[in-house]
Every structure is written in C-alpha cells, then in structure tokens.
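Quick note on our numbering: the sequence shown kicks off at 163 and runs consecutively. All residues carry an ideal CB built from backbone N, CA and C; glycine is no exception. Input: a single structure, listed below in structure tokens.
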Amino acid sequence: MYQRQVSFGEAISRAMKKYCCFSGRASRSEFWWFTLFLYIVQFAASLLSCGIYGSSVSALAVDPMAVNNPQVINNLISLYVLPSVIGLVFLLPGLGLLFRRLHDAGHSGFCWLLAFIPLIGGLILLIFTLQGSQMFTNKYGPVPNVVDDNFPPEYKG
Numbered sequence: 163m164y165q166r167q168v169s170f171g172e173a174i175s176r177a178m179k180k181y182c183c184f185s186g187r188a189s190r191s192e193f194w195w196f197t198l199f200l201y202i203v204q205f206a207a208s209l210l211s212c213g214i215y216g217s218s219v220s221a222l223a224v225d226p227m228a229v230n231n232p233q234v235i236n237n238l239i240s241l242y243v244l245p246s247v248i249g250l251v252f253l254l255p256g257l258g259l260l261f262r263r264l265h266d267a268g269h270s271g272f273c274w275l276l277a278f279i280p281l282i283g284g285l286i287l288l289i290f291t292l293q294g295s296q297m298f299t300n301k302y303g304p305v306p307n308v309v310d311d312n313f314p315p316e317y318k319g
C-alpha cells in the first residue's frame, strides 16, 4: 500500500467540503497544498488592498500630518478589511484541516494550541505537520488516500 498524493485543486475542494470537520485525517499533500492556496489568496488580497488604498500610506510617508485627515484614516482601516475578511472565511476550513493533519500524524488536534507558546510552539507545530502519515488505522480513522499496490498505478481509480 502507498499513499496517493492529492492535487492542488483536490486539496482545496476537500478542505472546503469539510468546512467545519475536525475529525478524521488529512495527508501532508492535502494540508500543504491548501496552505499554499491560502498564502496565494491572502497575498493577492493584500496586493489588491494596497493597490486601492496604498496611496494613504504614501500620504503618511510624505506628510505625517495627514494622520489628521479622516479620509486617510478611513483608507488605512480599509487597507486591512479585505485580507481580514478572507482570513475569517478560511479560518474554519484551515483549522479543521490542521486538526485532521495532526490526527494523521498521530497527535491530538488540540496540539494546535502549541502555536501560542512563544518561540518554540510554532516550531513544534510545524514539525508535527511535516511528520509522515501513520500508515495504519489510528484512533482518528483510516489512512487517507491509500492505494492498494496489487495493480500498477495507471489502473487505479
């Protein structure tokens, strides 16, 4: 048996279909493809916001007294609206996928709370998400994307 790699589109589709699902397992490829998607979407949203409202940041750089201008303040606040809304939209699918990824590596989903430990928490969580799948059914469910190796890959569904 081996674990089939999930494609970029399939990872996004699965994460969104399991929007609030915190049980089960998710492979490394599913987790990291969706993480890449989130970074791309957030980067694009930030670029768009900067393109629309970035002139206010430039105005402040040129004239610090522009902070007294209500339009500049409104634009600075608006600069963060689109990326924040996108972050909120993808919060639950991302957190659910993180739980399932931790389950796949044999850890409790609540290990995500390690991220709140300064300096080392995020590093430990990164290591957990980089760990390989447990290639047996664990207490969180069966191995995701497993393929029976009795047939060559071209004959598998």
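query	result
Does DSSP put Gln293 in a helix, a strand or coil?	coil
Taking contact to mean 3 or more Cβ pairs, one atom from each stretch, closer than 8 Å, check whether the region 233-250 and the region 165-180 are in contact.	no
Looking at the unbroken alpha helix (DSSP H) that takes in Ala173, where does it start and where does it end?	Phe170 to Lys179
In angstroms with no decimal places, state the Cα-to-Cα distance between Gly258 and Tyr215.	33 Å
Work out the CA separation of Gly256 and Ser191 for me, nearest whole Å.	14 Å
Quick one: measure Cβ to Cβ for Phe199 and Ile174, integer angstroms, because I've assumed they're closer than 8 Å.	5 Å
DSSP three-state label for Leu210, please.	helix
Can you tell me whether Thr299 is buried or exposed, with buried defined as 16 or more other CB within 10 angstroms of its CB?	exposed
Along the chain, where does the alpha helix (DSSP H) containing Val247 start, and where does it finish?	Val243 to Val251
In this structure, how does DSSP classify Gly186 when only helix, strand and coil are distinguished?	coil
Taking C-beta to C-beta, are Phe184 and Gly283 nearer than 8 Å?	no
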